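What follows is one structure encoded as structure tokens, with my remarks underneath.
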Amino acid sequence: MAATSLLCISLTLTLLHLAAANSEGDALYTLKRSLSDPNNVLQSWDPTLVSPCTWFHVTCNQDNRVTRVDLGNSNLSGHLVPELGKLEHLQYLELYKNNIQGIIPPELGNLKSLVSLDLYNNNISGSIPPSLGNLKNLVFLRLNDNRLTGPIPRELAVIPSLKVVDVSNNDLCGTIPTSGPFEHIPLNNFENNPRLEGPELLGLVSYDTDCPAS
Ligand SMILES: *[C@@H]1O[C@H](CO)[C@@H](O)[C@H](O)[C@H]1NC(C)=O
Ligand SMILES: *[C@@H]1O[C@H](CO)[C@@H](O)[C@H](O)[C@H]1NC(C)=O
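If you want our numbering, it's the 1-based position in the sequence shown plus 25.
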């Protein structure tokens, strides 16, 4: 009896494990379907496999959970998808130097393990989601060379781990945060945003009506 229930428990755990792996594969496959991939870099992304861990440009940890997606410089276009927010062990999301359009899904704020969000050199529009302030392990936030609008969310200033922020060459507005991690970010990393007004003074946030959040 005890042996049987142990077997049941371990079978259930295995199935749960596979289901988790599959849901990560499903999320990535949703991304693939939303992208145009003329160079076939996503050819190995086969949704019928038991997990995405053997796909090229995807890295998993020992528990078969996705930790990296490396698709910089891959000639991809199309849109990001909210399903990316399900990759709860993802540490590196590298999609720089493509031609991705559309918005940054607010669901990326669910990526609690994320260390690096590199979306620079694309064609991304909309505003920077305040939900990114939930990324308590984030170190690198590089969104430069896109078409982002709206303010720099103050929520980002409470991320203790944040070391590198680059939002240059966009169309952001409002003022530049100066507190927390922003104390150490060089002003160059904000340049070429014609409507950005410069560093906020005395911690006074000016969310002026000329700079709506979306
Ligand atoms: C990128 O894709 C386009 C087709 O959309 C193709 O014409 C071009 O050669 C590709 N660029 C590179 C660097 O592979
Ligand atoms: C960027 O996206 C816009 C649509 O949002 C499109 O009109 C424009 O051609 C794109 N730019 C490039 C370089 O593909």
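Each residue gets a CB set at the ideal place from its N, CA and C atoms; glycine is no exception. Please read these numbers as outputs of a predicted model, since none were measured by experiment.
Where residue i and residue j are concerned, what is the direct C-alpha to C-alpha distance, given to the nearest angstrom?
i: Phe207; j: Thr73; result: 44 Å
i: Asn100; j: Asn64; result: 7 Å
i: Glu180; j: Ser156; result: 8 Å
i: Asn89; j: Ile201; result: 40 Å
Do you know whose CA, among the options, lies nearest residue i's CA?
i: Thr84; options: Leu53, Asn98, Asn148 and Asn162; result: Leu53
i: Asn159; options: Leu187, Phe215, Lys122 and Asp235; result: Leu187
i: Pro219; options: Ser76, Pro176 and Trp80; result: Pro176
i: Gly199; options: Leu157, Val94, Ile210 and Pro224; result: Pro224
i: Glu119; options: His82, Asn86 and Gln87; result: His82
i: Asp170; options: Ser59, Asn213 and Gly205; result: Asn213
i: Val183; options: Asn89, Pro211, Gly205 and Cys78; result: Gly205
i: Ser76; options: Asp51, Val66, Leu96 and Arg58; result: Asp51
Within this structure, are the beta carbons of residue i and residue j separated by less than 9 Å?
i: Val106; j: Leu56; result: yes
i: Gly127; j: Pro154; result: no
i: Arg167; j: Leu144; result: yes
i: Ser102; j: Ser61; result: yes
i: Asn123; j: Asn98; result: yes
i: Asn173; j: Asn195; result: Here residue 173 is Leu; the residue named in the question, Asn, does not match the sequence. Against a cut-off of 9 Å, the Cβ pair of Asn195 and Leu173 comes out as a contact.
i: Val164; j: Ser141; result: yes
i: Tyr121; j: Asn148; result: no
i: Pro131; j: Leu109; result: no
Taking buried to mean at least 16 other C-beta atoms within 10 Å of its own C-beta, is residue i buried or exposed?
i: Gln68; result: exposed
i: Cys236; result: buried
i: Glu216; result: exposed
Please work out which residues of its chain come closer than 8 Å, Cβ to Cβ, to residue i, disregarding the five sequence neighbours upstream and downstream, and give them in chain order.
i: Ser138; result: Thr92, Glu113, His114, Leu115, Gln116 and Asn162
i: Ser48; result: Lys111
i: Asn86; result: Thr92 and His114
Between residue i and the rest of its own chain, which residues show a CB-CB distance below 6 Å, the 5 nearest in sequence each way excluded?
i: Ile210; result: Val190
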